[in-house]
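Enquirer:
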Amino acid sequence: VINSFIYDGEWSLDNYHEVLNSKFMLQGFSNSIWLASWSSILGLLIASLLVSSLRHLDNKIRNGVIAFTNMSSNFSGVPLAFAFIIILGVNGAFTLLLKKYGLIDDFNLYGKWGLLTIYVYFQIPLAVL
């Protein structure tokens, strides 16, 4: 943090000025805030519905769902990314199936909505636990 106030060997706010005047950086901040907000809202909403429905289920089924969410919350990193690329990538199995039946025109896993899908998937099990 201290080094962020040093520019060309002197104390300065020029680093902050440069960041706040960069369209690229501001777009990055905007995208991050959008993704964090919507993934949190959707993840909590879906998890709340799941948890409220779990209250009315048999203990055996509830324990099975909790075990599944515990397992899926540990499924992250490279294996998770690879699984999503295979399933929802440009030539992913599920993407091609949805396109075949005309349910989607264009889905980009590497765009805003694709990242939102992955973040929500990752947040639901954590919110359920």
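Take any residue in the sequence shown, count from 1 to its spot, add 1466: that is its number in the numbering used here. Glycine is no exception: its CB is placed at the ideal position from the N, C-alpha and C atoms. Only a predicted model underlies this, so the values are computations on that prediction, with no experimental measurement involved.
1. Does the separation of the CB atoms of Thr1541 and Ile1584 fall below 9 Å?
2. Alpha carbon to alpha carbon, how far is Arg1521 from Arg1528?
3. How would you write the range of the alpha helix (DSSP H) that His1483 sits in, first residue to last?
4. So, with DSSP's three-state summary, where would you put Tyr1585?
5. Using the Cα positions of Ile1532 and Gln1589, report the straight-line distance between them to the nearest angstrom.
6. Compare the Cα-Cα distances from Gly1614 to each of Leu1508, Leu1592, Asn1557, Asn1497 and report the closest residue.
7. If you check the beta carbons only, do Asn1501 and Leu1492 fall under 9 Å apart?
8. Nearest by alpha-carbon distance to Met1537: which of Trp1477, Pro1591, Tyr1567 is it?
Expert: In brief:
1. Per the sequence shown, the amino acid found at residue 1541 is Phe instead of Thr. In this structure, Ile1584 does not lie closer than 9 Å to Phe1541 by Cβ.
2. 8 Å
3. 1480–1486
4. helix
5. 14 Å
6. The structure shown has nothing for residue 1614, since the chain only spans 1467 to 1595.
7. The amino acid at residue 1501 is misidentified as Asn; the sequence shows Leu. No; because the gap between Cβ atoms is not below 9 Å, this pair is not in contact.
8. Pro1591
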